[in-house]
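In this note's numbering, the protein residues as written are 5 to 174. The block underneath contains the structure these notes are about, expressed in structure tokens.
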Amino acid sequence: GRRALARFETGAPHGAVLQNVVELADGTLVLGNRLLRGHAAEAAAGELAARIAARGGDASQVETGGTPLYTATATAADRARLHQAAIGAFTDALTTTDPATALRAWAHGAYCLYQAPRTKKGSDAVARVVLVAVGTVALGRVPRLPHDIDLRGYIDGQAAFTRDLRALQD
């Protein structure tokens with residue numbers, strides 16, 4: 005929670021919603037994940053619990069107390085655009101002969117991938133496998149991933165995420 009709160013303090017100090025905006029390689033801006041706190045997080049918790057209960061699930065298993073912080077995925081259309089951008093960035097990383105370009109493209113693809121989960125469960129594990137597989141070929145060595153890359157990918161802004169991921173490869 006501390007990482008998300010710190011992000012709110014710099015990006016939306018008085019807001020309940022912080023929208024991640026992803027800049028694609030061509031300069032296009034696409035809306036990524038949203039961070040929710042306060043009344044927005046409470047509303048999301050209520051909606052989630054209601055959906056689970058409507059399906060006959062145990063809504064008591066959803067953490068809704070205290071001061072919740074949530075991430076909410078982008079729209080389906082924006083997730084599709086971000087997924088395509090990730091694939092394009094990984095292709096660029098794999099086909100360039102310049103190591104610095106490969107690293108930038110791979111890190112950009114990583115951020116796009118985390119901003120565009122394809123499934124509700126398991127997308128974080130899939131992303132790790134993809135990053136290691138593509139990174140090993142594109143970078144010429146097994147890339148280092150932070151132990152909390154999933155959290156960083158959902159919460160951090162694009163510049164911080166890609167900068168930190170690139171720095172780990174030095």
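Cβ atoms here follow ideal geometry from the backbone N, Cα and C, with glycine treated the same way. Note that this is a predicted model, so its numbers are computed, not measured.
- Per DSSP, the unbroken beta strand (DSSP E) holding R38 starts and ends at 33-40.
- Judged by DSSP secondary structure, E27 falls outside any alpha helix (DSSP H) and instead within the beta strand (DSSP E) spanning 21-27.
- It is roughly 48 Å from the alpha-carbon of G70 to the alpha-carbon of T100.
- Y74 has L40 as its beta-bridge partners, per DSSP.
- The DSSP-derived three-state label of L135 is helix.
- Contact between the stretch 77-95 and the stretch 52-62 is absent: fewer than 3 CB-CB pairs across the two stretches fall below 8 Å.
- About 26 Å separates the Cβ atoms of W110 and A76, ruling out a contact at the 8 Å cut-off.
- In the displayed model, D174 falls within coil according to three-state DSSP, outside both helix and strand.
- The stretch 162-171 and the stretch 121-131 do not touch, with fewer than 3 CB-CB distances between them shorter than 8 Å.
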